[in-house]
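**Student:** Once you've had a glance at the structure underneath, I'll fire off some questions.
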Amino acid sequence: MQTGTKHIFLLISTTILAMAGALNAQHISFGTWAGAGLTLTNGTPYDLNFNDKTPLIITGTNQIVPISLIDEEAAVLTIEGTEYLDVTVYVDAPPTLELDATNSIPLSIRFAYSNLGPADIATAKIQAVEVPAGFNSATFPIFRRTSGPPGPPPTPPLEGYTPPQKTAYLFIYGTLGPVGDVNAGLYDGTINVTVEYSTY
Amino acid sequence: MNKSIVRLLAFVLSLLFFSNLHAQNAVSITASATVIEISEIELVTIKDMNVDEAFAENGILNISPVTDMNAGELLVMGRANAQMRITSPDQTVLVNTSGQGTLIFHYVLSGFWSDNKQASEILDAPDRILQFNEEGKYYLWVGGRVDINNAHPGNYEGEFVLEIEYI
């Protein structure tokens, strides 16, 4: 009788371990599958030029130059990838634009994404979701359905098979200033944008 | 037992390998602004004044710089918070470019430190002291009055000269 009890205990332990192994394997499998193609490319406008919004930016003033999402000066990026996968976007922007070590102007960068499969950039802007100020990353599906039941499970990865692709848009914009008492010249900074498939 | 360890190691190595296969992409955007220093005063025309006879009443065309949509708008740029004085002609001669005749146009000018026409004040005192805002800007609206009762048909053009000086 005592021997029988021990067997049951061992069987339960084995089952739990087996389940844990199965869960782990599921997670790893998804991460591997996320190796499918993902491209991030610059659109038009390519860069964020505050003079395109306000031609005269003047030193010695408290001038503030805002470029908002709806402005045509907002920089555009496109993300092309597998339509049913999630991506995480990281936007790394400097807090200032700099002329040199002693002359800088405050910079505040925002970004928005558009993932309803827009036909063009104008539509993408209207549908875009703005990431709240202060956040530098966002996770979203490449293509978000707005209605209808979920589709069938995706086709497993096969040699020679390309899963359906979709394009999502990213918009980078922000505010420069106040300009302050700085030297005249060209102020610049680099914003690095990274995108990768999300793993869970 | 040894085989289990080898399998575990292979499994961990494969995880490391696959994690490097995650698709990732990065691009860089340059944010830039060219900042200039303004010591001289610059005048930028934002909107031309539209003189349209269709708006005349009893042959008198009256364009209010504060309320009329046909008023012209100018932006004066200079040193932030600096004081200035604006001198403008009371009237000017408009010449018919397509025929005979001239018209006398009597100017009315209003100004404000921000782009808010409705809040602008009529500038009717020649020695009035005005001030650029903290961005070095001051806005002007141009309207006026003209009698077209005896005017010949045609297009009339004239110059409007403003004199702005720091105090």
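Chains as they are written, first to last, in this note's numbering: chain A, 1 to 200; chain B, 201 to 367.
Ideal placement from N, C-alpha and C gives every residue a C-beta, glycine not left out.
(1) Give me the subset of the segment 267-291 of chain B whose CB atoms are less than 8 angstroms from a CB atom of chain A, sorted by chain position.
(2) With DSSP as the reference, label Asp-327/B as helix, strand or coil.
(3) Distance cutoff 7 angstroms, beta carbons only. Does Asn-42/A sit that close to anything in chain B?
(4) With 8 angstroms as the limit, tell me which residues of the segment 102-120 of chain A have their beta carbon closer than that to any beta carbon of chain B; keep them in chain order.
(5) From the beta carbon of Val-227/B, is the nearest beta carbon of chain A less than 7 angstroms away?
(6) If we count the other Cβ atoms within 10 Å of its Cβ and call it buried at 16 or more, is Met-269/B buried or exposed?
(7) Does DSSP put Ile-364/B in a helix, a strand or coil?
(8) Give me the Cβ distance between Thr-39/A and Asn-225/B, rounded to the nearest whole Å; I'm assuming they're in contact under 8 angstroms.
(9) Roughly how many whole angstroms lie between the Cα atoms of Glu-273/B and Gly-301/B?
(10) Sorted by chain position, which residues of the same chain lie with C-beta nearer than 7 angstroms to Thr-54/A's C-beta, five sequence neighbours on each side aside?
(11) Return yes when the Cβ of Ile-260/B is within less than 7 angstroms of the Cβ of Asp-347/B, no when it is not.
(12) Between the Cα of Phe-312/B and those of Thr-297/B, Glu-357/B, Glu-321/B, Pro-265/B, spot the shortest distance and give me the residue it belongs to.
(13) Buried or exposed: which applies to Ile-329/B, given that a residue is buried once 16 or more other Cβ atoms fall within 10 Å of its Cβ?
(14) Could you tell me whether the segment 70-83 of chain A touches the segment 165-181 of chain A, using the rule of 3 or more Cβ pairs below 8 angstroms?
(15) Count Cβ pairs between the segment 95-113 of chain A and the segment 177-195 of chain A that sit closer than 8 angstroms; are there 3 or more?
(16) Terminal residues of the continuous beta strand (DSSP E) containing Lys-317/B?
(17) Any beta-carbon of chain B closer than 7 angstroms to the one on Gly-148/A?
(18) In this structure, does DSSP put Gln-300/B in helix, strand or coil?
(19) Kindly list the residues whose CB is nearer than 8 angstroms to the CB of Tyr-307/B, restricted to its own chain and excluding five residues on each side of it in sequence; keep chain order.
(20) Between Asp-52/A and chain B, is the shortest Cβ-Cβ distance under 7 angstroms, so that the two count as touching?
(21) Between which two residues does the alpha helix (DSSP H) holding Ile-121/A run?
(22) Can you tell me which of the three DSSP states Glu-253/B falls into?
(23) If the criterion is Cβ atoms closer than 7 angstroms, does the pair Pro-45/A and Ala-75/A meet it?
(24) With respect to the alpha helix (DSSP H) encompassing Asn-51/A, which residues constitute its N-terminal and C-terminal limits?
(25) Compare the Cα-Cα distances from Asn-49/A to each of Gly-174/A, Leu-158/A, Pro-132/A, Thr-123/A and report the closest residue.
(26) Label Thr-59/A either buried or exposed according to how many other C-beta atoms from any shown protein chain fall within 10 Å of its C-beta, with 16 as the threshold for buried.
(27) Does any residue of chain A have a CB that is nearer than 7 angstroms to the CB of Glu-240/B?
(28) Might you give, ordered along the chain, the residues of its own chain that have their beta carbon closer than 7 angstroms to the beta carbon of Pro-118/A, omitting 5 neighbours on each side?
(29) At 3 residues or longer, and completely inside the segment 51-104 of chain A: list those beta strand (DSSP E) runs for me, N to C.
(30) Since Val-91/A and Ser-198/A should fall inside the 8 angstroms C-beta cutoff, what is the C-beta to C-beta distance between them, to a whole number of angstroms?
(31) Anything in chain B within Cβ reach of Leu-176/A, meaning under 9 angstroms, just list it in chain order.
(32) I want to verify the contact list: residues of chain A whose CB lies under 8 angstroms from the CB of Gly-336/B, in sequence order.
(33) So, is the C-beta of Ala-74/A closer than 7 angstroms to a C-beta in chain B?
(34) For Tyr-187/A, list the residues DSSP reports as bridge partners.
(35) Going by DSSP, what residue range makes up the beta strand (DSSP E) through Thr-245/B?
(36) I need the boundaries of the beta strand (DSSP E) containing Gly-344/B, first residue and last residue.
**Tutor:** Taking the definition as stated:
(1) Met-277, Arg-279, Ala-280
(2) Taking the second sequence and counting its residues from 1, one reaches residue 327/B at position 127. Residue state, collapsed to three classes: coil.
(3) As a first step, residue 42/A is located in the first sequence; it is residue number 42 there, counting from the start. Yes, contact with chain B.
(4) Ile-105, Leu-107, Ile-109
(5) What you label residue 227/B is simply residue 27 of the second sequence in a count that begins at 1. By this cut-off, Val-227/B is an interface position.
(6) In the second sequence, residue 269/B corresponds to position 69, counting from 1. Exposed is the call here.
(7) For the purposes of this step, residue 364/B is identified with residue 164 of the second sequence, where counting begins at 1. DSSP places Ile-364/B in strand when its eight states are reduced to three.
(8) The residue labelled residue 39/A in the question sits at position 39 within the first sequence. The residue labelled residue 225/B in the question sits at position 25 within the second sequence. At roughly 6 angstroms, the Cβ-Cβ gap stays under 8 angstroms, so Thr-39/A and Asn-225/B are in contact.
(9) As a position in the second sequence, residue 273/B is number 73, starting the count at 1. As a position in the second sequence, residue 301/B is number 101, starting the count at 1. If I take the Cα positions, the gap works out to 27 angstroms.
(10) Locating residue 54/A in the first sequence gives position 54, where the first residue counts as 1. The residues are Val-65.
(11) Residue mapping note: residue 347/B aligns to position 147 of the second sequence, counting from 1. Residue mapping note: residue 260/B aligns to position 60 of the second sequence, counting from 1. Yes, Cβ-Cβ distance for Asp-347/B and Ile-260/B is below 7 angstroms.
(12) Sequence index remark: in the second sequence, residue 312/B carries index 112 (1-based). Nearest of Thr-297/B, Glu-357/B, Glu-321/B, Pro-265/B to Phe-312/B, Cα basis: Glu-321/B.
(13) Locating residue 329/B in the second sequence gives position 129, where the first residue counts as 1. By the neighbour-count rule (16 or more Cβ atoms within 10 Å), Ile-329/B is not buried but exposed.
(14) yes
(15) yes
(16) Taking the first residue of the second sequence as position 1, residue 317/B is located at position 117. From DSSP, Lys-317/B is part of no beta strand (DSSP E); its letter is neither H nor E.
(17) Translated into the one-based positions of the first sequence, residue 148/A becomes position 148. No, Gly-148/A lies away from the interface with chain B (no Cβ there is under 7 angstroms from its Cβ).
(18) Walking along the second sequence from the start, residue 300/B turns up at place 100. Of the three classes helix, strand and coil, the one that applies to Gln-300/B here is coil, per DSSP.
(19) For the purposes of this step, residue 307/B is taken as the residue at position 107 of the second sequence. Counting only Cβ-Cβ distances below 8 angstroms, and skipping sequence neighbours, we find Ser-288, Pro-289, Asp-290, Gln-291, Thr-292, Val-342, Gly-343, Gly-344, Phe-360.
(20) Taking the first sequence and counting its residues from 1, the one referred to as residue 52/A is at position 52. False, the Cβ-Cβ gap to chain B never drops below 7 angstroms.
(21) For the purposes of this step, residue 121/A is taken as the residue at position 121 of the first sequence. 121-127 is the span of the alpha helix (DSSP H), which, as asked, contains Ile-121/A.
(22) Here residue 253/B refers to the residue found at position 53 of the second sequence. Glu-253/B: helix per DSSP, three-state reduction.
(23) Start at 1 with the first residue of the first sequence, and residue 45/A comes out as number 45. Start at 1 with the first residue of the first sequence, and residue 75/A comes out as number 75. Yes, they are a contact pair.
(24) In the first sequence, residue 51/A corresponds to position 51, counting from 1. Per DSSP, Asn-51/A belongs to the alpha helix (DSSP H) from 50-53.
(25) Position 49 of the first sequence, counted from the first residue, corresponds to residue 49/A. Nearest of Gly-174/A, Leu-158/A, Pro-132/A, Thr-123/A to Asn-49/A, Cα basis: Gly-174/A.
(26) For this step, residue 59/A is matched to residue 59 along the first sequence. The residue in question, Thr-59/A, is buried, as its Cβ has 16 or more Cβ neighbours within 10 Å.
(27) For this step, residue 240/B is matched to residue 40 along the second sequence. Not one chain A Cβ lies under 7 angstroms of Glu-240/B.
(28) Position 118 of the first sequence, counted from the first residue, corresponds to residue 118/A. Hits under 7 angstroms: Ala-124, Gln-127, Tyr-169.
(29) 65-67, 75-82, 86-92, 96-100
(30) As a first step, residue 91/A is located in the first sequence; it is residue number 91 there, counting from the start. As a first step, residue 198/A is located in the first sequence; it is residue number 198 there, counting from the start. About 16 angstroms; that fails the 8 angstroms criterion.
(31) The residue labelled residue 176/A in the question sits at position 176 within the first sequence. Per Cβ cutoff of 9 angstroms: Ala-231, Ala-233.
(32) Mapped onto the second sequence, residue 336/B falls at position 136. Residues of chain A passing the Cβ test: Ile-58, Gly-60, Thr-61, Gln-63.
(33) Residue 74/A sits at position 74 when you count from the first residue of the first sequence. Judged by the 7 angstroms Cβ criterion, Ala-74/A is not in contact with chain B.
(34) Locating residue 187/A in the first sequence gives position 187, where the first residue counts as 1. Paired residue(s): Ala-233/B.
(35) Here residue 245/B refers to the residue found at position 45 of the second sequence. Run containing Thr-245/B: 242-247, per the beta strand (DSSP E) assignment.
(36) Within the second sequence, numbered from 1, the residue matching residue 344/B stands at position 144. Where Gly-344/B is concerned, the enclosing beta strand (DSSP E) stretches over 337-347.
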